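Going by the UniProt record's numbering, the sequence shown runs without a break in its numbering and finishes at 114.
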Amino acid sequence: MGLGSYWGEVLDVLQEIIPVYDKVNSCISFGKDSEHRNRAIKGKVKTGDKILDAGSGFGNMSKTALDATDGEVEIMLYDPLLPMIKNTDRLLQKNQMQHVECLNMCHFRANSLM
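Dropping the structure here:
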């Protein structure tokens with residue numbers, strides 16, 4: 001079924017909340033966004049895994065996965081909004097992003113060369 005014709009409206013709203021994206025995330029999860037990410041990653045993501053973070057936003061889930069594996073995973077971030085991808089560098093450390101290519105997709109391998 002999907003969002004159909006509403007998809008454009010969803011993207012417009014997301015575009016508008018970019019300046020307060022993390023605050024909105026925290027509010028809609030009643031302050032438990034970090035806890036939910038940790039629970040989703042713990043014991044499921046392992047060193048050497050390849051991960052697609054679809055709808056990555058600023059890369060919060062990817063950061064959690066990198067922290068849980070000491071950066072030993074390969075992650076592809078995807079978000080339909082380029083400004084979201086452009087903001088990943090404020091969250092992910094430089095040593096976690098050795099090779100970054102961003103259009104509306106960002107692909108990097110942590111702690112190793114592609």
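We put the CB at the ideal spot given by N, CA and C, even for glycine.
The structure displayed is predicted, hence computed values, not measured ones.
Residue range 50 to 54 is occupied by the beta strand (DSSP E) that includes residue 51.
The stretch 40 to 55 makes no contact with the stretch 15 to 22: fewer than 3 CB pairs, one atom from each, lie closer than 8 angstroms. When the Cα atoms are used, residue 81 and residue 9 turn out to be separated by approximately 13 angstroms. When DSSP assignments are scanned along the stretch 43 to 92, the uninterrupted stretches of beta strand (DSSP E) that are 3 or more residues long and fall wholly within it turn out to be 50 to 54, 74 to 78. Short of 7 angstroms from the beta carbon of residue 88, and not among the five residues preceding or following it, lie these beta carbons of its own chain, in chain order: 58, 59, 77, 106. By the 16-neighbour rule on beta-carbons within 10 angstroms, residue 63 is buried. For residue 14, the three-state secondary structure derived from DSSP is helix.
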